[in-house]
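Below is one structure, written out as structure tokens, with a few remarks after it.
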């Protein structure tokens, strides 16, 4: 019996093998799984080819569209070859009559169709029929009746089935078939073809284009249908119509002209006309409504930027969250101020609908031809494609500073920057960020401006170098220096000319200004370039080094490949050089001699700037008052005048050591006092804790050990310090108070410039932060290493808070704009609270110097608002005139701005715009403000001109004195003048005392209160100019005050009594609050005891109100790079770029017995 190895039937062999494999080895049996099996069926493959696949379905649509057009062409050919006489031999009932009421119905139902035409039509109909049935089958979704009763399907069956029937039944070959209705199927195929075309090429065309195309196709279909239908029906009448006459009739009828020369004769054709008109009245309005709606939407969204224009023309893109009129005008005015950008287009990409004011501006012909507004988001690639971001030369991304949540605004800016970088990686990015802690997210951008960094650094330097904000603002604005040139006021003309100075760059080998100073020291080149051409070289950059060095000092030897940065009215490329030689007693002058030009210029050549006023810029004094830089041994009286050492081409070792004027050894060894004990407790080093990522490390004065957090509180004592007010600390220097809403990370940049290593330790001012909200531990950790930095809670509208923080012992009070008030329901009302609080503080503390930040620059006019002040009204009229002339600096003549006592961060928006043409502006501004410290680069400081320094006489001699002694580069003057404008004698809110008003009427006293000239001669020496100024002020103010002397005196006395009572009330209020808080009232100065020096130091005409009746007003302004022959005046403040004292520190520096202070009123120039 045969043995068999059998396996039970219930055992599955595959299962057994799987179990053995799974338990016997790590690799079990692999099972192949197929996905998307349903797409492998025949129907799905057909659907993929005919419908789903973009390219294949597009080919099918094009083929179908061509078939429908072919059928329409075949119909026209059939009509042209039609012969009704042949129908008698071909029709079925040829012997029977078909005339009824003069209508030959046989000609309506039967046509003469030639054999070739019939054959082609049958082939086309068969293909169309098969295609229609296939698409119906593929589109079937369970409801067959929905597919059958579609209009397109019914038309397809009507025009294809009869031709197929004629194949099997020849007598029907001449049957009339309305093939002309295929034009409607061609229209549908064209719409589908356009949609597939957009999907295939991944490019979305304008919806307006699609709608216009559909409207045109609808009109053509209506005309073609009416033409063919009327022509065919009129065959049955007595007189048939040709296709051309039928087309003529349809055009005349649909255009509502109706000449009446061609009309349908039988009722079927007349009925067709009625039907066509009804269809047109229904279809066309719907199409036009859709077209108008799309047109309105396009007006809101702005349409697209042309691809052809993007490839042939240059454009930049401006991305903003909300577009305000001020921001738009600032950008356009600054961007198009440069000749290089005149041919550029500006494409604005904004998610909001265009504002009414913005729309009105964009309709001005000046902007409508080159500014395009697109409504869209930078986060959508579709909108970036509309703006042609990949072809743009630059993209400016601005933050919305008026948002209540500034951090959220920064987050939106960061996402926009990322989206643009992802879409167009080669497009240069210019990004504006608000918070410094968000700056590192956009470090990939080509240029980044952090608003809070620049703001706080500028406000800090304003406390040390007055009007730094005005200096920087004027430097970053584009101007030709023509502002105020029509004014009779000398200071306005001088101030307006100097405001045209900007920073330019040029390679030394290519420069007419500097190429002769190759292989010379930087200080020598800077002095002689200023002496010869009137330009001020402030910095240089080596070819092999990317860092810009401001005033590298005499150790830097100029090279032909160096890039020079200089301040001038215009760049050298736009200047012409006119060399003039003149005889000097029969001898020609040498290279270093001075040309006696009619304008008194101490230059060897005159710069005739193209399109600028450089010729007039140097002529700031009468010819007879010109002073030369030559050093005569004796003056007219025969006495010896102090001489100035020449500037050496290559500085020797002795002069190099004198550059280290800020060495601390001179301070430590000069003597020891109580102040020295405190100063010696400080060390120099880098702050150990930075509040945010990306802050530039700066060497500062630091405490040996961090102060405990409890010791940073000014108004509360602790176990380490028992003092509870500023008076108890006994500070040697006056305080700097900063009023801010929160202790943001940007406030760190206010402290660093005030504690930088190059500031003398004895002159460090205590800093008090007056905060609305308590700071967090992270911020306290960052500031605990700095000496004499305190904080307390309070607001500026609380008198107790001001008194506790030591406002009576403060030299400067900085009012920072609060974030919570930046967004107001009404525009420009965000500054209302700040303005009122500042005015109140000055009435209480008139000797306090207040620096205010405003949200809107236009609100600075309220900082000095006096309704009945003729001079203020005249300045307001002047500002309006300058704005009408198209000036970008119309607000520059506002006295608070000129004096540097008011500032708005929006003024620095132009810094980012200028970087498109001048990519070096942001690094230079950061170096000037102390935000960046480059080894070997100098820093900005200031020095007061006292009476002992007036022997220098002119700015050019001052330039030589600094270059030859301390290697410092002057860049401008901050000038303060006493000023009592005409018609000031009768003002209800004047700021001149009654005694001063009476003095103005006395003989010989008139010249004492007139405006002090900023040129070399006083304005009192020019009575004609003074009379013209008085007449100009009267004409602008349009006031004619005619009072008798007796009545005027009586009114003034009454007003004086009222004002004294108001001052007494304010003084009593302050004393009462001080007594209530337990503060000593001895430190409070009554406004009646205010000295003239306090008034001059305040340098703020906008705050000199009625309280200072016994003091004269003052005007302060900035002169950037003034003419070398400009006379120095008492109380002038010179802006200096001082070389880095740590760049070349000698190993064993000698003992120096002199001190170099930046803001002291000592005769420093004589000591150098």
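Numbering (our numbering), first residue to last: 26 to 1193.
Glycine is no exception: its CB is placed at the ideal position from the N, C-alpha and C atoms.
When the options are compared against residue i, the one with the closest alpha-carbon
{"i": "residue 103", "options": "90, 84, 93 and 140", "result": "140"}
{"i": "residue 394", "options": "811, 369 and 529", "result": "369"}
{"i": "residue 815", "options": "864, 855, 731 and 877", "result": "731"}
{"i": "residue 873", "options": "832, 671, 713 and 548", "result": "832"}
{"i": "residue 292", "options": "449, 769, 128 and 450", "result": "128"}
{"i": "residue 1156", "options": "1162, 1143 and 1163", "result": "1143"}
{"i": "residue 885", "options": "797, 1103, 859 and 871", "result": "859"}
{"i": "residue 336", "options": "414, 876 and 205", "result": "414"}
{"i": "residue 106", "options": "272, 438, 138 and 590", "result": "138"}
{"i": "residue 709", "options": "727, 723, 720 and 721", "result": "727"}
{"i": "residue 804", "options": "825, 776, 246 and 782", "result": "776"}
{"i": "residue 183", "options": "209, 171 and 838", "result": "209"}
{"i": "residue 928", "options": "211, 84, 875 and 778", "result": "875"}
{"i": "residue 1154", "options": "98, 991, 214 and 975", "result": "975"}
Residue i - DSSP class collapsed to helix/strand/coil
{"i": "residue 698", "result": "In this prediction, residue 698 scores a pLDDT of 42, lower than 50, which makes its location untrustworthy; the coordinate-derived value is nonetheless stated afterwards. Residue 698 falls in the coil class under three-state DSSP."}
{"i": "residue 774", "result": "helix"}
{"i": "residue 1135", "result": "Low confidence applies to residue 1135: its pLDDT is 35, below 50, so where it sits in the model is not reliable, and the reading given next is rough at best. The answer is coil: DSSP assigns residue 1135 none of H, G, I, E or B."}
{"i": "residue 873", "result": "coil"}
{"i": "residue 258", "result": "helix"}
{"i": "residue 767", "result": "coil"}
{"i": "residue 475", "result": "strand"}
{"i": "residue 725", "result": "strand"}
{"i": "residue 457", "result": "strand"}
{"i": "residue 879", "result": "strand"}
{"i": "residue 1146", "result": "coil"}
{"i": "residue 836", "result": "strand"}
{"i": "residue 795", "result": "strand"}
{"i": "residue 1140", "result": "strand"}
{"i": "residue 434", "result": "helix"}
{"i": "residue 967", "result": "strand"}
{"i": "residue 1054", "result": "The predicted position of residue 1054 is uncertain, since its pLDDT is 45 and thus under 50; a value taken from the coordinates is nonetheless stated next. In the structure shown, residue 1054 sits in a helix (DSSP, three-state: H, G or I)."}
{"i": "residue 95", "result": "helix"}
{"i": "residue 527", "result": "strand"}
{"i": "residue 353", "result": "helix"}
{"i": "residue 127", "result": "coil"}
{"i": "residue 921", "result": "helix"}
{"i": "residue 1160", "result": "strand"}
Whole-angstrom C-beta distance between residue j and residue i, which should lie under 8 Å
{"i": "residue 135", "j": "residue 201", "result": "6 Å"}
{"i": "residue 830", "j": "residue 751", "result": "7 Å"}
{"i": "residue 972", "j": "residue 1139", "result": "Actually they do not touch by this definition, with Cβ atoms about 18 Å apart."}
{"i": "residue 970", "j": "residue 1145", "result": "Contact doesn't hold; Cβ gap of about 17 Å is too wide."}
{"i": "residue 256", "j": "residue 268", "result": "5 Å"}
{"i": "residue 947", "j": "residue 474", "result": "6 Å"}
{"i": "residue 1242", "j": "residue 509", "result": "Summary: the structure shown does not reach residue 1242, with the chain confined to residues 26 through 1193, and so no result is reported for it."}
{"i": "residue 817", "j": "residue 739", "result": "5 Å"}
Chain C contact for residue i (CB, 9 Å cutoff)
{"i": "residue 493", "result": "The chain inventory of the structure shown lacks chain C, comprising one protein chain alone."}
Query raised in the report: When the Cβ atoms of the segment 756-773 are set against those of the segment 789-804, are three or more pairs found closer than 8 Å?
Result: In short, these stretches touch, since the Cβ pair count reaches three.
Query raised in the report: Does the segment 959-968 come within contact of the segment 499-516, defined as at least 3 CB pairs closer than 8 Å?
Result: In this structure the segment 959-968 does not touch the segment 499-516; the number of beta carbon pairs closer than 8 Å is below three.
Query raised in the report: Is it a yes or a no for the segment 546-560 touching the segment 489-499, going by three-plus beta-carbon pairs under 8 Å?
Result: Contact between the segment 546-560 and the segment 489-499 is not established, with fewer than three Cβ pairs separated by less than 8 Å.
**Report entry** Cβ pair count under 8 Å reaching 3, the segment 341-354 against the segment 262-281
**Finding:** Contact between the segment 341-354 and the segment 262-281 is absent, because fewer than three Cβ pairs lie under 8 Å.
Requested in this report: Return the chain-ordered ranges of every alpha helix (DSSP H) run that is complete within the segment 141-216 and spans a minimum of 4 residues.
Outcome: Qualifying alpha helix (DSSP H) stretches, in chain order: 169-173 and 176-193.
Report task. Take every Cβ of the segment 450-462, pair it with every Cβ of the segment 893-910, and state whether three or more of those distances are shorter than 8 Å. Result -> Contact between the segment 450-462 and the segment 893-910 is absent, because fewer than three Cβ pairs lie under 8 Å.
**Report entry** Validate contact between the segment 538-545 and the segment 486-495 using beta carbons, cut 8 Å, 3 pairs
**Finding:** No, the segment 538-545 is not in contact with the segment 486-495.
Query raised in the report: Counting pairs of Cβ atoms below 8 Å between the segment 517-534 and the segment 978-986, do you hit three or more?
Result: Using a C-beta cut-off of 8 Å, the segment 517-534 makes no contact with the segment 978-986, since fewer than three inter-stretch Cβ pairs fall below that distance.
Query raised in the report: For the segment 574-588 against the segment 1156-1165, are there 3 or more C-beta pairs whose distance is under 8 Å?
Result: Two segments are said to touch when three or more pairs of C-beta atoms, one from each, lie closer than 8 Å; by this definition the segment 574-588 touches the segment 1156-1165.
Query raised in the report: Contact between the segment 437-457 and the segment 398-414: three or more CB pairs below 8 Å?
Result: The segment 437-457 is in contact with the segment 398-414.
Report task. Any chance you could list the beta strand (DSSP E) runs of at least 3 consecutive residues sitting entirely within the segment 374-449, in chain order? Result -> Segments of the beta strand (DSSP E) lying fully in the segment 374-449: 396-400 and 419-422.
Query raised in the report: Can you find at least 3 beta carbon pairs, one from the segment 586-594 and one from the segment 563-572, that sit closer than 8 Å?
Result: Contact holds: three or more Cβ-Cβ distances are below 8 Å.
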